[in-house]
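The opening residue of the sequence shown carries number 10 in my numbering; numbering runs sequentially from there. Working notes for the structure below.
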Amino acid sequence: MEAEGTRMAPDIVPPTRRNCERCGRTDVWDETVENWVIAREDGNRRVGDKHCIHEWDINGQYNPIPGEPTPTE
Ligand SMILES: [Zn+2]
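See the structure below:
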């Protein structure tokens with residue numbers, strides 16, 4: 010159990026969850042794969058609309074999935 014009482018996280022904490030304001034798609038950050046994965050709620054995957062140009066309710070500061078590949082190799 011983590012300590013309670015710190016639910017009001019300040020904005021400096023990187024987001025671990027994002028929600029599309031257009032289609033309802035919800036992703037959660039998976040540290041294992043270092044990528045966003047589709048959230049599961051009540052056994053349903055919050056896939057939203059696959060054709061949607063997702064409008065995430067977080068700003069782009071922590072988006073590790075840019076529109077073009079990163080030259081890391
Ligand atoms: Zn969307």
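Virtual Cβ for every residue (Gly too), placed ideally from N, Cα, C.
Any heavy atom of ligand 1 within a distance shorter than 7 Å of the CB on residue i?
i	result
ASP66	no
ARG34	yes
ASP58	yes
ARG26	no
ARG31	yes
Can you tell me whether DSSP reads residue i as helix, strand or coil?
i	result
ILE62	coil
VAL56	coil
THR25	coil
ARG31	coil
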